[in-house]
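Read the structure below first, then the notes.
Number of protein chains: 2
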Amino acid sequence: MAQQPFTFDLIATDEAARAGVFHTPHGALETPVFAPVGTQGTVKAVTPRDLSDLGATLVLANTYHLYLRPGDDVVHELGGLHDFMGWDGPILTDSGGFQVWSLGQINAIDDEGVTFSSHIDGSRHRLTPEQSIAIQQNLGADIIMCFDELADPDNLDYIQVALERTHAWARRCKEAWTNRERQALFGIVQGGIFDDLRKRSVEELLRIEFPGYAVGGLSVGESKPDMYRILDVLEPLLPADRPRYLMGVGTVEDLVNGVARGVDIFDCVLPTREARHGAALSLHGRMNLLNARYHRDPRPIDEACECYTCQHFSRAYLRHTFKAKEIIAATLLTIHNLHTLISLTRAMREAIVAGRFASFANQILSELSIHANKPDVSS
Amino acid sequence: MAQQPFTFDLIATDEAARAGVFHTPHGALETPVFAPVGTQGTVKAVTPRDLSDLGATLVLANTYHLYLRPGDDVVHELGGLHDFMGWDGPILTDSGGFQVWSLGQINAIDDEGVTFSSHIDGSRHRLTPEQSIAIQQNLGADIIMCFDELADPDNLDYIQVALERTHAWARRCKEAWTNRERQALFGIVQGGIFDDLRKRSVEELLRIEFPGYAVGGLSVGESKPDMYRILDVLEPLLPADRPRYLMGVGTVEDLVNGVARGVDIFDCVLPTREARHGAALSLHGRMNLLNARYHRDPRPIDEACECYTCQHFSRAYLRHTFKAKEIIAATLLTIHNLHTLISLTRAMREAIVAGRFASFANQILSELSIHANKPDVSS
Numbered sequence: 012m013a014q015q016p017f018t019f020d021l022i023a024t025d026e027a028a029r030a031g032v033f034h035t036p037h038g039a040l041e042t043p044v045f046a047p048v049g050t051q052g053t054v055k056a057v058t059p060r061d062l063s064d065l066g067a068t069l070v071l072a073n074t075y076h077l078y079l080r081p082g083d084d085v086v087h088e089l090g091g092l093h094d095f096m097g098w099d100g101p102i103l104t105d106s107g108g109f110q111v112w113s114l115g116q117i118n119a120i121d122d123e124g125v126t127f128s129s130h131i132d133g134s135r136h137r138l139t140p141e142q143s144i145a146i147q148q149n150l151g152a153d154i155i156m157c158f159d160e161l162a163d164p165d166n167l168d169y170i171q172v173a174l175e176r177t178h179a180w181a182r183r184c185k186e187a188w189t190n191r192e193r194q195a196l197f198g199i200v201q202g203g204i205f206d207d208l209r210k211r212s213v214e215e216l217l218r219i220e221f222p223g224y225a226v227g228g229l230s231v232g233e234s235k236p237d238m239y240r241i242l243d244v245l246e247p248l249l250p251a252d253r254p255r256y257l258m259g260v261g262t263v264e265d266l267v268n269g270v271a272r273g274v275d276i277f278d279c280v281l282p283t284r285e286a287r288h289g290a291a292l293s294l295h296g297r298m299n300l301l302n303a304r305y306h307r308d309p310r311p312i313d314e315a316c317e318c319y320t321c322q323h324f325s326r327a328y329l330r331h332t333f334k335a336k337e338i339i340a341a342t343l344l345t346i347h348n349l350h351t352l353i354s355l356t357r358a359m360r361e362a363i364v365a366g367r368f369a370s371f372a373n374q375i376l377s378e379l380s381i382h383a384n385k386p387d388v389s390s
Numbered sequence: 012m013a014q015q016p017f018t019f020d021l022i023a024t025d026e027a028a029r030a031g032v033f034h035t036p037h038g039a040l041e042t043p044v045f046a047p048v049g050t051q052g053t054v055k056a057v058t059p060r061d062l063s064d065l066g067a068t069l070v071l072a073n074t075y076h077l078y079l080r081p082g083d084d085v086v087h088e089l090g091g092l093h094d095f096m097g098w099d100g101p102i103l104t105d106s107g108g109f110q111v112w113s114l115g116q117i118n119a120i121d122d123e124g125v126t127f128s129s130h131i132d133g134s135r136h137r138l139t140p141e142q143s144i145a146i147q148q149n150l151g152a153d154i155i156m157c158f159d160e161l162a163d164p165d166n167l168d169y170i171q172v173a174l175e176r177t178h179a180w181a182r183r184c185k186e187a188w189t190n191r192e193r194q195a196l197f198g199i200v201q202g203g204i205f206d207d208l209r210k211r212s213v214e215e216l217l218r219i220e221f222p223g224y225a226v227g228g229l230s231v232g233e234s235k236p237d238m239y240r241i242l243d244v245l246e247p248l249l250p251a252d253r254p255r256y257l258m259g260v261g262t263v264e265d266l267v268n269g270v271a272r273g274v275d276i277f278d279c280v281l282p283t284r285e286a287r288h289g290a291a292l293s294l295h296g297r298m299n300l301l302n303a304r305y306h307r308d309p310r311p312i313d314e315a316c317e318c319y320t321c322q323h324f325s326r327a328y329l330r331h332t333f334k335a336k337e338i339i340a341a342t343l344l345t346i347h348n349l350h351t352l353i354s355l356t357r358a359m360r361e362a363i364v365a366g367r368f369a370s371f372a373n374q375i376l377s378e379l380s381i382h383a384n385k386p387d388v389s390s
């Protein structure tokens with residue numbers, strides 16, 4: 012029988028690394044997990060069938076994009092995001108905040124919310140915490156996010172102002188969140204690269220209390236040591252019985268380092284975006300398939316990879332279809348790149364359960380650094 | 012046990028319509044059959060896995076394109092087209108002739124062959140009957156075609172010259188064709204819309220003798236009555252024990268009329284090209300998914316269709332993903348359009364075997380004409 016929605020079972024831990032199961036209305040989600048990004052209600056270049064086949068279990072969609080087009084009311088009328096996009100596994104939506112800051116043109120920010128212009132047609136819109144939650148409830152994802160304010164990670168003055176607002180908005184988001192049996196609202200820890208602000212943020216969010224906690228404002232330009240130190244600061248403060256989501260992170264190196272610091276959920280556009288630009292990711296690094304050296308190369312991207320692409324297609328074919336601007340090139344590389352990250356999170360889970368995560372992580376990271384300087388996997 | 016390659020078993024006939032099995036080194040091909048076009052070694056916007064799933068059995072690839080890029084030597088070195096493109100069912104290649112005439116810039120035509128400039132980089136190339144067969148033997152398709160000369164269907168003077176050359180080239184192609192156990196060479200009947208030239212062409216090709224016969228130079232601007240009359244003229248002249256391939260034809264109406272006139276094999280870019288432009292084909296006509304009327308339409312393209320697209324996605328979703336310029340829109344419509352034509356050929360086969368082809372064909376054609384003027388399926 013299905014567990015009560017949104018309980019998080021900790022199956023095993025290995026130092027800070029965690030193997031868990033997060034129960035959602037669309038199935039039990041095994042963690043650690045990497046979520047492909049389906050910005051406009053589709054993970055670019057692949058079908059939901061491809062996603063299931065390559066092992067995806069959780070998909071992210073963007074509230075900002077779907078609110079603007081086709082409209083959350085349309086998605087709701089069509090049965091919600093799961094029906095709309097043909098994905099019956101768990102879905103996570105962000106709050107729209109990040110995109111308002113990075114894509115829209117901001118007209119005004121105040122304590123009430125944000126006024127911005129659409130990146131599609133310039134039309135003017137207003138987003139408040141209440142509005143973000145209402146949109147996300149219309150979309151109907153299993154995991155929804157608090158509306159927060161994005162600040163430069165090293166701008167202390169602005170971060171302090173944004174942080175207070177983010178906490179006030181988190182309180183309002185929780186108030187606005189009514190569909191609690193079907194959707195879990197996650198709070199977002201902010202505070203840039205400042206340890207004390209991060210601590211204050213997590214304490215404040217724990218007071219409000221959420222079914223899960225996200226770490227925002229990382230992987231936005233700060234150094235790797237800064238990112239990993241912040242995760243180290245947060246790890247003992249976050250409750251063990253709630254899932255932890257590191258937003259926007261998706262390199263092999265960061266996934267391994269994130270899991271080592273207790274992260275359960277990741278998402279990132281990197282594997283799908285790189286795929287559309289001809290780059291294959293593997294545990295050995297990055298390979299640019301447009302390179303002339305692959306013109307007659309009969310090997311798959313990665314001899315050890317079990318994805319559909321590596322089982323059926325050569326580097327020469329991928330290079331040819333990229334050069335010829337064929338859609339299949341983006342599809343096949345997307346399948347490979349997502350499979351790489353998703354099978355990595357699955358392998359990490361097994362290592363945690365087997366109590367050998369540290370040696371597994373060291374092996375992956377040293378492999379990466381050995382290959383980082385080899386010409387045949389650099390772009 | 013597999014039959015001797017390239018025997019054609021006639022399973023049933025119903026007036027001129029035929030249900031057959033063409034034995035190839037990559038499997039027994041049930042006819043009538045519609046072949047999706049994979050110009051550059053991929054059927055645009057779908058994977059071979061999608062193709063198998065939607066019921067495709069035969070795929071066409073273009074000699075002209077693959078010769079220019081990546082080069083037939085590269086494809087050969089990588090194990091031939093089947094390995095290269097990840098398709099282990101039967102493949103058909105054209106001769107390159109049609110594309111030289113329609114895409115390349117012709118520099119000179121003489122009895123020996125054609126000199127042309129590449130549409131990709133302007134480089135100069137020469138194609139002769141011997142060269143076309145050598146390229147096609149490198150590519151390794153199961154069915155290969157004679158190199159012929161394309162002429163305007165109603166230009167009698169030019170057609171007569173081109174026809175003599177086409178017959179001389181057919182003789183040279185047969186001479187050059189050495190890989191006879193692995194590849195079947197088809198002759199191509201030409202002669203435009205002139206009954207007597209068509210008769211002369213088929214008689215000449217029968218003297219040379221091929222394992223199969225194609226009808227070329229139709230669906231290139233002539234009227235439907237002209238096309239159907241030519242097929243009526245050829246039908247009793249073509250040998251019953253060889254497959255018949257009507258090149259470049261792929262509307263619902265033409266497939267039904269072609270099968271009624273004894274055609275076994277069809278190919279056309281129409282369903283895949285229309286898909287990438289937002290048009291869904293069905294037995295009820297053509298539907299432009301970009302139309303605003305579909306903005307909130309929860310129905311699939313065709314309630315009766317069993318394809319992946321119609322089983323999982325609404326018109327509203329297809330419209331949204333087209334508007335948002337997402338690749339999945341082209342993929343899902345390609346799946347639907349190909350499934351429509353391929354399941355139509357399968358249904359025609361069943362009707363022929365059951366001896367009820369005429370009533371089946373009439374039903375399809377009258378359905379088409381009823382819907383042709385309805386606004387919701389017009390563009």
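Those protein sequences? They're chains A and B, same order as listed. Quick note on my numbering: the first sequence kicks off at 12 and runs consecutively. Quick note on my numbering: the second sequence kicks off at 12 and runs consecutively. Glycine included, C-beta positions come from ideal geometry on N, C-alpha and C. Owing to the predicted nature of the structure, the values given are computational and were not obtained by experimental measurement.
- Output, in chain order, the set of chain E residues within a Cβ distance shorter than 7 Å of B:Ala-335. Here chain E cannot be found, since the structure's protein chains are A and B.
- Which residues, taken in chain order from the stretch 237–258 of chain B, show a beta carbon closer than 7 Å to some beta carbon of chain A? none
- Sequence-distant residues of the same chain with beta carbon closer than 6 Å to A:Pro-311, five excluded per side: Taking the first residue of the first sequence as position 1, residue 311 of chain A is located at position 300. Taken in chain order, the residues that qualify are Cys-321.
- Message: Does any residue of chain A have a CB that is nearer than 8 Å to the CB of B:Leu-89?
- Response: On the second sequence, residue 89 of chain B is found 78 positions in, with the first residue counted as 1. So yes, B:Leu-89 belongs to the interface.
- Under 6 Å Cβ to Cβ from A:Tyr-319, same chain only, skipping five residues before and after it: list those, please. Reading the first sequence from its first residue, position 308 is the one you call residue 319 of chain A. So the qualifying residues of the chain are Ile-346.
- Query: For A:Glu-214, is the classification buried or exposed, using 16 other Cβ atoms within 10 angstroms of its Cβ as the cut-off for buried?
  - Reply: Here the question's residue 214 of chain A lines up with position 203 in the first sequence. With fewer than 16 other Cβ atoms within 10 Å, it is exposed.
- Query: Is it right to say A:Gln-147 is buried, meaning 16 or more other beta carbons lie within 10 angstroms of its own, or is it exposed?
  - Reply: Position 136 of the first sequence, counted from the start, is the residue given in the question as residue 147 of chain A. By the neighbour-count rule (16 or more Cβ atoms within 10 Å), A:Gln-147 is buried.
- Task: State the DSSP-derived secondary structure class of A:His-323, mapped to helix, strand or coil.
- Result: Within the first sequence, residue 323 of chain A is the residue found at index 312, counting from 1. Helix.
- Query: The beta strand (DSSP E) spanning B:Leu-229 covers which residue range?
  - Reply: As a first step, residue 229 of chain B is located in the second sequence; it is residue number 218 there, counting from the start. Segment: none, B:Leu-229 is in no beta strand (DSSP E) and carries neither H nor E.
- Task: Whole angstroms is fine: what's the gap from A:Leu-343's alpha carbon to B:Met-96's?
- Result: For the purposes of this step, residue 343 of chain A is taken as residue 332 along the first sequence, with counting starting at 1. For the purposes of this step, residue 96 of chain B is taken as residue 85 along the second sequence, with counting starting at 1. A:Leu-343 and B:Met-96: Cα-Cα distance of roughly 12 Å.
- Where do the N-terminal and C-terminal ends of the beta strand (DSSP E) with A:Leu-103 fall, by residue? Position 92 of the first sequence, counting from 1, holds the residue named residue 103 of chain A. First-last of the beta strand (DSSP E) with A:Leu-103: 102–104.
- Check the DSSP bridge columns for B:Ser-128 and list the partner residues they point to. Along the second sequence, one-based indexing puts residue 128 of chain B at 117. DSSP lists B:Gln-116 and B:Arg-135 as partners of B:Ser-128.
- Task: Under 8 Å Cβ to Cβ from B:Thr-35, same chain only, skipping five residues before and after it: list those, please.
- Result: Working through the second sequence from its first residue, we reach residue 35 of chain B at position 24. Closer than 8 Å at Cβ, skipping near neighbours: Pro-16, Phe-17, Pro-101, Asp-153, Ile-154 and Ala-195.
- Task: Alpha carbon to alpha carbon, how far is B:Glu-88 from A:Pro-140? Give it in angstroms, no decimals.
- Result: Counting from 1 along the first sequence, the entry for residue 140 of chain A is found at position 129. Counting from 1 along the second sequence, the entry for residue 88 of chain B is found at position 77. Roughly 60 Å between the two C-alpha positions.
- Test item: CB-CB of B:Val-200 and B:Ile-375 under 8 Å: Sequence index remark: in the second sequence, residue 200 of chain B carries index 189 (1-based). Sequence index remark: in the second sequence, residue 375 of chain B carries index 364 (1-based). Against a cut-off of 8 Å, the Cβ pair of B:Ile-375 and B:Val-200 comes out as no contact.
- Message: Between A:Phe-127 and chain B, is any beta-carbon pair separated by less than 8 Å?
- Response: Residue numbering aside, residue 127 of chain A sits at position 116 when the first sequence is read from its first letter. A:Phe-127 does not count as touching chain B.
- Residues of chain A with CB under 9 Å from B:Val-85, in chain order? In the second sequence, the residue the question calls residue 85 of chain B occupies position 74. Those within 9 Å of B:Val-85 in chain A are His-306, Arg-307, Ala-327 and His-331.
- the stretch 158–170 of chain B in contact with the stretch 220–239 of chain B per 3-pair CB rule at 8 Å: yes
- Query: Should B:Arg-60 be flagged as near chain A, meaning a C-beta pair shorter than 8 Å?
  - Reply: Indexing the second sequence from 1 puts residue 60 of chain B at position 49. It does: the Cβ of B:Arg-60 has a partner Cβ on chain A nearer than 8 Å.
- Message: Using a Cβ-Cβ distance cut-off of 8 Å, determine whether B:Met-298 contacts chain A.
- Response: Numbered from 1 along the second sequence, position 287 holds the residue referred to as residue 298 of chain B. Chain A, which has no Cβ nearer than 8 Å to the Cβ of B:Met-298, makes this no.
- Task: Specify the secondary structure class of B:Ala-39 as computed by DSSP and reduced to three states.
- Result: By one-based count along the second sequence, residue 39 of chain B stands at place 28. Here B:Ala-39 sits in strand by DSSP.
- Buried/exposed call for B:Tyr-75, threshold 16 Cβ in 10 Å: Position 64 of the second sequence, counted from the start, is the residue given in the question as residue 75 of chain B. With 16 or more Cβ atoms within 10 Å of its Cβ, B:Tyr-75 is classed as buried.
- Per-residue contacts from A:Gly-97 into chain B (C-beta, under 8 Å): Counting from 1 along the first sequence, the entry for residue 97 of chain A is found at position 86. The answer, in chain order, is His-323, Phe-324 and Tyr-328.
- Item | For B:Asp-159 and B:Trp-180, believed in contact at Cβ under 8 Å, the rounded distance | For the purposes of this step, residue 180 of chain B is identified with residue 169 of the second sequence, where counting begins at 1. For the purposes of this step, residue 159 of chain B is identified with residue 148 of the second sequence, where counting begins at 1. Contact flag correct, Cβ pair sits at about 6 Å.
- Item | Where A:Lys-55 meets chain B, residues with beta-carbon distance less than 9 Å | The residue given as residue 55 of chain A occupies position 44 in the first sequence. Correct list: Glu-337, Ile-338 and Ile-339.
- Task: Spell out the partners DSSP gives B:Gly-31 in its beta bridges.
- Result: Along the second sequence, one-based indexing puts residue 31 of chain B at 20. Note: B:Gly-31 sits in a beta bridge opposite B:Leu-21 and B:Thr-42.
- Message: Can you check which of these residues, B:Leu-216, B:Glu-192 and B:Phe-333, is closest to B:Gly-202 by C-alpha distance?
- Response: Mapped onto the second sequence, residue 202 of chain B falls at position 191. The residue with the shortest Cα to Cα distance from B:Gly-202 is B:Leu-216.
- Query: To the nearest angstrom, how far is it from the Cα of A:His-323 to the Cα of A:Ala-315?
  - Reply: As a first step, residue 323 of chain A must be located in the first sequence, where it is residue number 312. As a first step, residue 315 of chain A must be located in the first sequence, where it is residue number 304. Whole-angstrom Cα-Cα distance: 13 Å.
- Message: Please report the straight-line C-alpha distance between A:Pro-43 and A:Leu-103, rounded to a whole angstrom.
- Response: Residue mapping note: residue 43 of chain A aligns to position 32 of the first sequence, counting from 1. Residue mapping note: residue 103 of chain A aligns to position 92 of the first sequence, counting from 1. Using only the alpha carbons, I get a separation of about 15 Å.
- Give the residues from the stretch 341–364 of chain A that approach chain B closer than 8 Å (Cβ to any Cβ), ordered along the chain. Ala-341, Thr-342 and Leu-343
- Item | CA nearest to the CA of A:Tyr-256, picked from A:Arg-287, A:Thr-283, A:Pro-282 and A:Phe-221 | The count along the first sequence starts at 1 and reaches residue 256 of chain A at position 245. A:Tyr-256 has its Cα closest to that of A:Phe-221, out of A:Arg-287, A:Thr-283, A:Pro-282 and A:Phe-221.
- Message: On the criterion of 16 or more Cβ atoms from any shown chain inside 10 Å, does B:Met-12 qualify as buried, or is it exposed?
- Response: The sequence position of residue 12 of chain B within the second sequence is 1, counting from 1. Bear in mind that a pLDDT of 48 at B:Met-12, under 50, signals an unreliable position, so the model cannot answer this.
- Item | Assigned exposure category for B:Gly-366 - 16 Cβ within 10 Å defines buried | Within the second sequence, residue 366 of chain B is the residue found at index 355, counting from 1. Its Cβ having fewer than 16 others within 10 Å, B:Gly-366 is exposed.
- Hey, is A:Tyr-75's beta-carbon within less than 8 Å of any beta-carbon in chain B? Counting from 1 along the first sequence, the entry for residue 75 of chain A is found at position 64. Not closer than 8 Å to any Cβ of chain B, the Cβ of A:Tyr-75 fails to qualify, so no.
- Message: Can you find the residues in the same chain that come closer than 7 Å, C-beta to C-beta, to B:Phe-333, ignoring five residues on each side of it along the sequence?
- Response: Position 322 of the second sequence, counted from the start, is the residue given in the question as residue 333 of chain B. Once the five neighbours on either side are set aside, the close Cβ partners of B:Phe-333 are Gly-289, Leu-300, Leu-301 and Ala-340.
- Cα separation between B:Ile-120 and B:Trp-112? As a first step, residue 120 of chain B must be located in the second sequence, where it is residue number 109. As a first step, residue 112 of chain B must be located in the second sequence, where it is residue number 101. Cα-Cα distance, rounded: 10 Å.
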